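Residue numbers (this note's numbering): 209 to 666.
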């Protein structure tokens with residue numbers, strides 16, 4: 209089974225090679241080559257899985273608020289513009305977003321992200337335990353089969369509420385008159401399709417993926433990644449259909465939702481490859497929230513990235529890069545926090561934020577840790593000095609804490625051009641990475657006002 213998953217992963221992920229030699233988010237995943245050994249293939253697959261889990265987490269988060277969320281805005285800055293969709297049938301309302309963009313090698317990637325439970329109606333669908341028969345080669349046939357009563361041998365059955373959501377989504381996606389998304393995807397023979405979602409959204413993504421295979425879509429061009437999703441079907445369904453879908457189910461050690469149905473009822477079984485995040489038990493009152501998954505998804509990605517660096521598969525962002533000789537050189541001087549309770553969290557967030565600056569700046573040099581910024585400026589002969597001061601302060605009253613990013617921009621004559629400070633209150637529930645995204649986005653916008661040529665860097 210593991211070998212089969214590796215082969216499927218290789219087929220799906222081979223379309224996204226590195227754009228610049230640096231794989232770190234959001235640059236791209238690793239390409240596969242005919243000469244890769246089995247060991248190299250496994251190593252690349254481990255890295256790519258972590259990469260696409262993180263990307264899918266961002267897309268799943270964006271599905272909740274596609275028009276103004278931090279995650280959606282972050283993805284838009286890297287070329288992903290998601291279109292929101294809403295379809296209503298009686299008391300059932302389905303929300304999902306779609307996007308299409310090209311990967312580093314020009315291969316089209318289509319993404320559909322389904323929103324998780326956000327309203328009382330959604331929760332009603334979640335806790336509905338009834339099942340309907342699964343089958344059919346078209347939407348009309350599947351809806352007809354779902355209404356049939358079958359006696360004798362147990363047929364493949366799926367969760368009634370999730371199936372209703374999936375069929376409503378497909379009704380819009382397959383209606384060429386109102387939506388050409390899947391038609392366009394299918395017409396591009398080298399395109400790939402990613403289906404993702406959190407909780408209810410993950411359950412719907414799983415069933416939509418299965419239905420599309422039934423309707424003639426190539427499973428080798430499709431990937432499904434879910435987060436905290438409950439089981440969607442019975443044992444017969446798992447035996448008949450479970451292995452054909454390239455499904456990665458991301459769970460965490462303190463989230464009960466993925467195990468709820470099969471723990472209470474015998475007629476639900478999970479399938480697909482499980483990736484399990486281990487989180488502290490102190491989070492047990494907020495363990496199903498997607499922002500918690502996002503924080504640990506970033507940790508998981510950095511672990512995979514560092515492992516890939518040691519194996520020679522990817523390169524770290526350099527401490528100095530000159531990509532455009534017609535642009536000024538900026539010296540980055542980073543002052544690191546010494547807050548012990550939050551040191552590990554801050555190290556991850558700082559890494560993310562510094563990399564965001566490296567993406568923004570066409571030419572930069574990172575000053576040595578602990579060095580004097582002005583002495584380093586003279587030695588580097590840079591045109592600008594950008595001082596970044598990261599700090600964290602815990603709340604004595606609750607689990608909240610404050611992330612602070614202070615940014616000071618000076619020219620080579622020592623004149624201070626701008627000073628700005630951003631403070632974001634955050635917690636595992638609110639999402640640590642979201643606070644970092646918001647802080648660095650605000651400061652980068654200020655830099656663009658001071659240095660308009662940054663907008664032309666890439």
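The beta-carbon is built from N, C-alpha and C at its ideal position, and this holds for glycine as well. All figures in this text were calculated on a predicted structure; none of them were measured in a lab.
Pairwise C-alpha distance: residue j and residue i
i: residue 535; j: residue 651; result: 20 Å
i: residue 342; j: residue 458; result: 24 Å
i: residue 635; j: residue 424; result: 44 Å
i: residue 649; j: residue 568; result: 11 Å
i: residue 217; j: residue 584; result: Any reading at residue 217 must be qualified, since the residue scores a pLDDT of 37, below 50, and its modelled position is unreliable; the value itself is stated next. The alpha-carbon atoms of residue 217 and residue 584 are separated by roughly 46 Å.
i: residue 304; j: residue 426; result: 22 Å
i: residue 351; j: residue 297; result: 14 Å
i: residue 416; j: residue 301; result: 16 Å
i: residue 272; j: residue 449; result: 29 Å
i: residue 330; j: residue 488; result: Reliability fails at residue 330, whose pLDDT of 48 lies under 50, so the model's placement of it is uncertain and the value that follows must be treated cautiously. Between residue 330 and residue 488, the C-alpha separation is close to 28 Å.
i: residue 678; j: residue 571; result: Since the first and last residues shown for the chain are 209 and 666, residue 678 lies out of range.
i: residue 631; j: residue 615; result: 12 Å
i: residue 524; j: residue 394; result: 36 Å
i: residue 528; j: residue 464; result: 45 Å
i: residue 462; j: residue 495; result: 6 Å
i: residue 671; j: residue 579; result: No information on residue 671 is available, as it lies outside the stretch 209 to 666 that the chain covers here.
i: residue 654; j: residue 503; result: 26 Å
i: residue 243; j: residue 369; result: 46 Å
i: residue 338; j: residue 293; result: 27 Å
i: residue 573; j: residue 596; result: 13 Å
i: residue 241; j: residue 515; result: 20 Å
i: residue 559; j: residue 255; result: 18 Å
i: residue 590; j: residue 621; result: 11 Å
i: residue 311; j: residue 289; result: 14 Å
Beta strand (DSSP E) segment containing residue i, residue limits
i: residue 294; result: 291 to 297
i: residue 316; result: 316 to 322
i: residue 487; result: Residue 487 -> no beta strand (DSSP E), and no H or E assigned at all.
i: residue 300; result: 300 to 310
i: residue 459; result: 455 to 460
i: residue 387; result: That residue, residue 387, is in no beta strand (DSSP E); it is neither H nor E in DSSP.
i: residue 584; result: Careful: residue 584 lies outside any beta strand (DSSP E), inside the alpha helix (DSSP H) at 581 to 588.
Cross-strand partners of residue i (DSSP beta bridge)
i: residue 430; result: 401
i: residue 628; result: 615
i: residue 441; result: 366 and 477
i: residue 529; result: 572
i: residue 341; result: 365
i: residue 598; result: 613
i: residue 538; result: 572 and 592
i: residue 247; result: In the DSSP output, where bridge partners are listed per residue, residue 247 has none listed.
i: residue 435; result: 406 and 458
i: residue 543; result: 597
Boundaries of the alpha helix (DSSP H) in which residue i is found, first to last residue
i: residue 567; result: 551 to 568
i: residue 651; result: 640 to 658
i: residue 353; result: 347 to 354
i: residue 273; result: Counting along the chain, residue 273 falls outside any alpha helix (DSSP H), and DSSP gives it neither H nor E.
i: residue 512; result: 498 to 518
i: residue 416; result: 408 to 422
i: residue 668; result: No answer is possible for residue 668: it lies beyond the span of the chain, which begins at 209 and ends at 666.
Chain-order list of residues whose beta-carbon lies under 6 Å from that of residue i (same chain, five-residue window excluded)
i: residue 267; result: 319, 321 and 404
i: residue 334; result: Residue confidence for residue 334 is low, a pLDDT of 48 falling below 50, so the modelled location carries little weight and cannot support an answer.
i: residue 264; result: 404 and 433
i: residue 306; result: 291, 320 and 389
i: residue 618; result: 593 and 624
i: residue 441; result: 366
i: residue 231; result: For residue 231, the pLDDT reaches just 48, beneath the cut-off of 50, and the residue's location in the model is therefore unreliable, leaving the point undetermined.
Classification of residue i by the beta-carbon crowding that lies within 10 angstroms, buried from 16 upward
i: residue 261; result: buried
i: residue 361; result: exposed
i: residue 537; result: buried
i: residue 278; result: buried
i: residue 340; result: buried
i: residue 269; result: buried
i: residue 473; result: exposed
i: residue 661; result: exposed
i: residue 237; result: buried
i: residue 357; result: exposed
i: residue 332; result: Reliability fails at residue 332, whose pLDDT of 49 lies under 50, so the model's placement of it is uncertain and the value that follows must be treated cautiously. Flag for residue 332 reads exposed.
i: residue 641; result: buried
i: residue 372; result: buried
i: residue 252; result: buried
i: residue 565; result: buried
i: residue 431; result: buried
Check: residue i C-beta below 7 Å from any heavy atom of the ligand GDP
i: residue 353; result: The model on display carries no ligand, and the ligand GDP is accordingly not part of it.
Sequence-distant residues of the same chain with beta carbon closer than 8 Å to residue i, five excluded per side
i: residue 685; result: In the structure as shown, the chain begins at 209 and stops at 666. Residue 685 is therefore absent and cannot be evaluated.
i: residue 658; result: 617, 625 and 626
i: residue 347; result: 375, 378, 379, 382, 419 and 423
Residues of its chain near residue i, where Cβ-Cβ distance is below 7 Å and the 5 sequence neighbours each way are ignored
i: residue 439; result: 469, 470, 476, 477 and 478
i: residue 531; result: 570 and 571
Cβ of residue i within 8 Å of any chain C Cβ
i: residue 552; result: No chain C is present in this structure, which holds just one protein chain.
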